[in-house]
Structures are given as C-alpha cells and as structure tokens.
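A.B. asks:
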Amino acid sequence: MTYQTVCANGINFAFLEAGKGPTVLLLHGFPDIAETWDYQIPELVQAGFRVVAPYLRGYPPTEIPQAGYYDRATLVLDIKELILAVGNGEPVFLVGQDWGAAIAYGVIAAFPELIRRAVVMAIPHPAMILQSLANPEQVHRAFHWWFFQLPDLPEKSVAANNFAFIDYLWKYWSPGHDDADHIRQIKTMLSVPGVISSTIGYYRAMLNPVNQDPALAEIRKALENPIQVPTLAICGSKDIRGEVLEAQSVFFKGEYQSAIIPDCGHFLHREQPAQVTRLILNWISQT
C-alpha cells in the first residue's frame, strides 16, 4: 500500500492506494481517517481490485482549503473530480461509511455514469434522514449536528481532555467495541491546526445555507435525482438508523438491496470486518 497525492477540484488530496484491477473507491466518515478501511483493503486487493482510499476534504494529509466550502455539493464534486483523476478513465465501484456514505448517495444521484455499483453504510438516504427526525430517538442520536452549529464552543469541546469527545462518540455509536489504536490515529489527525473546524464544517454546511457554495446550485439539485446505480445499503443492528433502510428503496430506480449486520453498531466495517467485507465483495463482483 502506498500514499499518493493528486489535485482534484482545486485542492490536493492524499489517498491510500493498493492493488491492480477495477478501482474501488473507499470513503471514510467522521470522526475517522482513510486507514479505517485497513481490514477491507487487503481482501479487496486479493480479490483482484485496485483500492483508492482518500482522506476527505479538510482531513490531513489532504489539504485544508482556506475559506473553502464543506457542503454536500462541494464534497460530491470533490469525488467526481477525484474519480476523473485516479479512475483510469473507467467507472469505479464506490463504498462509503457515515459521511462517506452521505457523499456517495450524492455521487450516484448526480454522476451515475462514473459509478458501476455502490455500497453505502450506516447512513440512510438524506431525504430519509429528514423524515426520521420526526422520531425523538433519531434527534437524540444526531445530537452532534445541533451542537456543531454553535460558534467556537464545539472546537474547544472536541479538543478538550485529549479529545474525550471523540472517545465518547465511538463508544456511543459502537458500544462495546474497542478500537483504541485506531482512535489514537484519528486524534493525531485532529490535532493538526484547523482540522477540527474543517471537519465540523461539514455539519455547519449541512444545516446552514450560508455555508453552501452558491455556484453549485445545479449539482445541489442533482443530488435529489432518483438513483439508478445498483446500490447495497448496510447498517449494524445496534445502530438505530438501520430501521429505515428497507423503506428508503423508494429513492432508487435501479437495483437496491439492504442488509443488517448482527451485533455491531455504527462503525460496522471495523466491528464485524469479515461479514462486511464479504458483503462488499459479493456486491461489487456482480457484473
């Protein structure tokens, strides 16, 4: 596995790369890093795939853009341009977890010609999320969305006491799962100046139109297109967002399947890596 860099959508992206064959693009979430896929990468390579796992916008060693946008249209455009830069001129397989999944839903809606098959994990379709917020339990589950809208305080809170906030999120979202070494890597990344604000910026742009790039109105509209790309949605049994995966089939005009992984929470690809990797391989091997 090697570290590479490429310029896409005006910023320098760092990514992990391994293997040869059809490209599988792996998108991490929050709070996380590209190494989150270290269980999946060797298995995908062994199965004959080339893996590209980028660090998302604002996650070092990817560039933190000065006065940049972090709205979903911008993030989707990032991935479109990244695919054009590293995809060897062919459509890729797309896999995303958490924010990586939120971005993936947008990519397969707005730019379906770039994706062969997709796997989305731990996050429902954005339209389904809006509907689910009528459920108080779902509102509580998303407490960080509201907290991150405040100025300054979230940055201080996330960094306090050796990033205890990050420890709390992992324990809350994946109860009973011990991933201390990986979380230490995440904390090292978050300690880089400017990173906390950039990663929180995703949430601020999600709820405040002022933080959304006005030049991307057409892409923002396209994010709502019915999805034609064959898509598998996966969630852990302990993650309440799995309750809506079957119902969200209404947003898909192409092939759609969902699966619940027993005995795991939000970071299912690390909690039950063998099961999740098997599902990914089975799905992307269908050509």
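The sequence shown begins at 0 in numbering that gives the first Met the number 0 and counts up one residue at a time.
Yeah, the Cβ is synthetic: ideal placement off N, Cα and C, and Gly gets one too.
Given the structure is predicted, the values throughout are model-derived calculations rather than measurements.
Our contact map puts Ala72 next to Ile40 with C-beta atoms below 8 Å; I'd like the distance itself, whole angstroms only.
C.D. replies: Within the sequence shown, numbered from 1, the residue matching residue 72 stands at position 73. Within the sequence shown, numbered from 1, the residue matching residue 40 stands at position 41. At roughly 29 Å, the Cβ-Cβ gap does not stay under 8 Å, so Ala72 and Ile40 are not in contact.
A.B. asks: To the nearest angstrom, how far is the alpha carbon of Ile289 from that of Asn210?
C.D. replies: Within the shown structure, residues of the chain are numbered from 0 to 286, placing residue 289 beyond reach of any answer.
A.B. asks: Buried or exposed for Ser131, please, with buried defined as at least 16 other CB atoms from any protein chain shown within 10 angstroms of its CB.
C.D. replies: Here residue 131 refers to the residue found at position 132 of the sequence shown. The residue in question, Ser131, is buried, as its Cβ has 16 or more Cβ neighbours within 10 Å.
A.B. asks: Beta-carbon separation of Ala121 and His27 under 7 Å?
C.D. replies: For the purposes of this step, residue 121 is taken as residue 122 along the sequence shown, with counting starting at 1. For the purposes of this step, residue 27 is taken as residue 28 along the sequence shown, with counting starting at 1. No, the Cβ-Cβ distance between Ala121 and His27 is not below 7 Å.
A.B. asks: Report the partner residues of Gly95 according to the DSSP bridge assignment.
C.D. replies: By 1-based counting over the sequence shown, the position of residue 95 is 96. Gly95 pairs with Leu26 and Val119.
A.B. asks: With DSSP run on the structure shown, which of helix, strand or coil describes Val228?
C.D. replies: To locate residue 228, count along the sequence shown from 1; it is residue 229. In this structure, Val228 counts as coil in the three-state DSSP scheme.
A.B. asks: At 4 residues or longer, what runs of the alpha helix (DSSP H) sit wholly inside the region 13-95?
C.D. replies: Fully enclosed alpha helix (DSSP H) runs of 4 or longer: 39-45 and 71-85.
A.B. asks: Find the nearest neighbour of Arg219 within the set Phe146, Ala163 and Ile107, judged by alpha-carbon distance.
C.D. replies: On the sequence shown, residue 219 is found 220 positions in, with the first residue counted as 1. That would be Ile107, whose Cα lies nearest to the Cα of Arg219.
A.B. asks: Have a look at Asn160 and Gly88 and give me their C-alpha separation to the nearest angstrom.
C.D. replies: Taking the first residue of the sequence shown as 1, we reach residue 160 at position 161. Taking the first residue of the sequence shown as 1, we reach residue 88 at position 89. Answer to the nearest angstrom: the Cα atoms are 46 Å apart.
A.B. asks: Looking at the unbroken beta strand (DSSP E) that takes in Ser257, where does it start and where does it end?
C.D. replies: The sequence position of residue 257 within the sequence shown is 258, counting from 1. Counting along the chain, the beta strand (DSSP E) containing Ser257 begins and ends at Tyr255 to Ile260.
A.B. asks: Do you know offhand how far Gln65's Cα is from Trp169's?
C.D. replies: Residue numbering aside, residue 65 sits at position 66 when the sequence shown is read from its first letter. Residue numbering aside, residue 169 sits at position 170 when the sequence shown is read from its first letter. Each residue's Cα considered, the two are about 29 Å apart.
A.B. asks: Report the partner residues of Thr276 according to the DSSP bridge assignment.
C.D. replies: Along the sequence shown, one-based indexing puts residue 276 at 277. Partner(s): none; Thr276 has no beta bridge.
A.B. asks: Taking the Cβ atom as the reference point for each residue, do Tyr69 and Gly200 lie within a distance shorter than 7 Å?
C.D. replies: Here residue 69 corresponds to residue number 70 of the sequence shown, with the count starting at 1. Here residue 200 corresponds to residue number 201 of the sequence shown, with the count starting at 1. Cβ atoms of Tyr69 and Gly200: closer than 7 Å.
A.B. asks: For Thr1, write down the residues that DSSP places opposite it in a beta bridge.
C.D. replies: Position 2 of the sequence shown, counting from 1, holds the residue named residue 1. Note: Thr1 sits in a beta bridge opposite Glu16.
A.B. asks: Using a Cβ-Cβ cut-off of 6 Å (strictly less than) and excluding sequence neighbours within five positions of Gln227, which residues of its own chain qualify?
C.D. replies: Counted from its first residue, the sequence shown places residue 227 at position 228. So the list reads Pro111, Lys252 and Gly253, once near-sequence residues are dropped.
A.B. asks: So, using beta-carbon positions, are Val23 and Ala84 closer together than 7 Å?
C.D. replies: Here the question's residue 23 lines up with position 24 in the sequence shown. Here the question's residue 84 lines up with position 85 in the sequence shown. No, the Cβ-Cβ distance between Val23 and Ala84 is not below 7 Å.
A.B. asks: Taking the alpha-carbon positions, what's the Ile259 to Leu267 distance?
C.D. replies: Position 260 of the sequence shown, counting from 1, holds the residue named residue 259. Position 268 of the sequence shown, counting from 1, holds the residue named residue 267. Taking the straight line from one Cα to the other gives about 10 Å.
A.B. asks: Buried or exposed: which applies to Tyr202, given that a residue is buried once 16 or more other Cβ atoms fall within 10 Å of its Cβ?
C.D. replies: Here residue 202 corresponds to residue number 203 of the sequence shown, with the count starting at 1. It is buried - the Cβ of Tyr202 has at least 16 other Cβ atoms within 10 Å.
A.B. asks: Between Leu74 and the rest of its own chain, which residues show a CB-CB distance below 6 Å, the 5 nearest in sequence each way excluded?
C.D. replies: Here the question's residue 74 lines up with position 75 in the sequence shown. Once the five neighbours on either side are set aside, the close Cβ partners of Leu74 are Ile102.
A.B. asks: Identify the continuous alpha helix (DSSP H) that holds Val191 and give its terminal residues.
C.D. replies: Start at 1 with the first residue of the sequence shown, and residue 191 comes out as number 192. Note, Val191: premise wrong, no alpha helix (DSSP H); not H, not E.
A.B. asks: On the three-state DSSP scale, how would you describe Gly235?
C.D. replies: Taking the first residue of the sequence shown as 1, we reach residue 235 at position 236. Correct three-state label for Gly235: strand.
A.B. asks: May I ask you to check if the CB of Ser284 is nearer than 6 Å to at least one heavy atom of the ligand MG?
C.D. replies: The model on display carries no ligand, and the ligand MG is accordingly not part of it.
A.B. asks: Compute the Euclidean distance between the alpha carbons of Pro153 and Asn207, then round it to the nearest angstrom.
C.D. replies: Residue mapping note: residue 153 aligns to position 154 of the sequence shown, counting from 1. Residue mapping note: residue 207 aligns to position 208 of the sequence shown, counting from 1. Roughly 16 Å separates the two Cα atoms.
A.B. asks: Cα separation between Phe142 and Pro53?
C.D. replies: Reading the sequence shown from its first residue, position 143 is the one you call residue 142. Reading the sequence shown from its first residue, position 54 is the one you call residue 53. Going by the C-alpha atoms only, they are around 27 Å apart.
A.B. asks: Would you call the CB atoms of Val119 and Gly86 closer than 7 Å?
C.D. replies: Position 120 of the sequence shown, counted from the start, is the residue given in the question as residue 119. Position 87 of the sequence shown, counted from the start, is the residue given in the question as residue 86. Contact: no.
A.B. asks: Under the DSSP definition of a beta bridge, which residues are partnered with Ile114?
C.D. replies: Against the sequence shown, residue 114 aligns to sequence position 115. Ile114 pairs with Val91.
A.B. asks: Looking only at C-alpha atoms, which of Ile63, Leu55 and Pro60 sits nearest to Leu76?
C.D. replies: Within the sequence shown, residue 76 is the residue found at index 77, counting from 1. Checked all of Ile63, Leu55 and Pro60; the closest Cα to Leu76 is Leu55.
A.B. asks: Is it buried or exposed, His124, if we count other Cβ atoms within 10 angstroms and call 16 or more buried?
C.D. replies: Counting from 1 along the sequence shown, the entry for residue 124 is found at position 125. Burial call: buried.
A.B. asks: Taking 7 Å as the threshold (C-beta atoms), are Ile114 and Pro90 in contact?
C.D. replies: Counting from 1 along the sequence shown, the entry for residue 90 is found at position 91. Counting from 1 along the sequence shown, the entry for residue 114 is found at position 115. Their beta carbons are under 7 Å apart, which means Pro90 touches Ile114 by this criterion.
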